[in-house]
Amino acid sequence: MLYDKSKILYWTHRLSLRPDEIQQLSPEELNCRLQLLEEREQAQELRMAKFKRWQNLCELRWLMYEVQREFNVKHGQAAIGVSIWRILALEQNSLEAELQLDELRGSCQRFPSPMSMMVPECEPDEKLKPLRSMLTGLSSQKNELRTPFTDALYEQERQLREEREFEEESATEEEATEEQMKQVADLQSSSSARSLSSLDLQEDLLDIHLELQNIKRSTARCDWIMDALFASHGEREDLSSQSQPSDIRCYRQQISWQTICDY
């Protein structure tokens, strides 16, 4: 496959191949070889990083052993039980005093290291307390360990914490308000449903009452007619003298005795 001169030079340099070998490969083969080459390079970089870390750990262990040996020779029995971190802090403070780093540094603030946070006093048989991360700031009560850098970090963390608390409170209040509105709506709907059902019940009861009155009135009228038809003349007079409902008496006056006798 034909390539222009610039591409041939690029692939020749990148894959370490001759120009004639590059021209014999397709673009897919070139990309595949490039991917394999990049994977090998990444693996090599990772191996070199691990090797560098191993080298640093070896140097750190040697330095720690050397500092601890000098501390043991200097303090003797008093060095028993002292943490290696406290020993390193003492050594660092001693070197800073000899080199007069505070005068050289002036007003320039440096990033505080865990070593500078250690208490320099040597107290045998005392357990080392864990350090708080400098990235989260320091307590405001420890003024002797504060710096402008740590104050800024502490203020930033405090603002973020207050914003998160405010957002959580706002979300909680919104949820409570929605729940209250939902409860009020449910109560209103239930009360309206109960009122409608009570009105329907009252209407039904009124209809039933009127129907019962009509049935009672018609039944009384039929009973009186039957008694009037099958009773004797004297009994008819007794029936006429008895107390009857007003509607029955009216109805009775409308019927003539002649018609009843003929029937």
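Using full-length UniProt numbering, read the sequence shown as starting at 1 and increasing by one per residue.
Here a beta-carbon is modelled for each residue, glycine too, at the ideal position from N, C-alpha and C.
Exercise. Rounded to a whole number of angstroms, what is the C-alpha to C-alpha distance between residue 282 and F51?
Worked result: The displayed coordinates of the chain run from 1 to 263. Any statement about residue 282 would go beyond what the structure contains.
Problem set entry | Exposure of V184, with buried meaning 16 or more beta-carbon neighbours within 10 Å | exposed
Problem set entry | Where the alpha helix (DSSP H) containing R53 begins and where it ends | Annotation: the continuous alpha helix (DSSP H) that includes R53 extends over P27 to H75.
Problem set entry | Proximity below 8 Å, CB of R40 to CB of L15 | If you check the CB distance, R40 and L15 do not come in under 8 Å.
Exercise. Q23: which of L37, S218, K5 and F71 sits nearest, CA to CA?
Worked result: K5
Problem set entry | Reduced DSSP category for I215 - H, G, I as helix; E, B as strand; rest coil | In the structure shown, I215 sits in a helix (DSSP, three-state: H, G or I).
For this session: Using three-state DSSP, classify D4 as helix, strand or coil.
Result: Here D4 sits in coil by DSSP.
Exercise. I think V73 touches I87, with their Cβ atoms under 8 Å apart; what is that distance to the nearest whole Å?
Worked result: About 12 Å separates the two Cβ atoms, so there is no contact after all.
Problem set entry | Nearest-angstrom Cα separation, counted from Q188 out to N214 | 39 Å
Problem set entry | Residue burial classification, F166 (beta-carbon count within 10 angstroms, cutoff 16) | That one is exposed.
Exercise. What is the residue span of the alpha helix (DSSP H) that A97 lies within?
Worked result: I84 to L99
For this session: Just mark A171 as buried or exposed, buried being the case when its beta carbon has 16 or more other beta carbons within 10 Å.
Result: exposed
Problem set entry | DSSP-derived helix/strand/coil call for C122 | Confidence at C122 is low in this model, with a pLDDT of 47, below 50, so the placement of that residue should be treated as unreliable; the coordinate-derived value is given next. Looking at C122 - three-state DSSP - the assignment turns out to be coil, as it is neither helix nor strand.
Problem set entry | Where the alpha helix (DSSP H) through I22 begins and ends | P19 to Q23
Problem set entry | Alpha-carbon spacing of W11 relative to L25, whole angstroms | 11 Å
Exercise. Three-state secondary structure (DSSP) at I80?
Worked result: coil
Exercise. Is the Cβ-Cβ distance between M64 and I80 less than 8 Å?
Worked result: If you check the CB distance, M64 and I80 do not come in under 8 Å.
For this session: With a threshold of 16 other CB atoms inside 10 Å of the CB of L90, please say whether the residue is buried or exposed.
Result: buried
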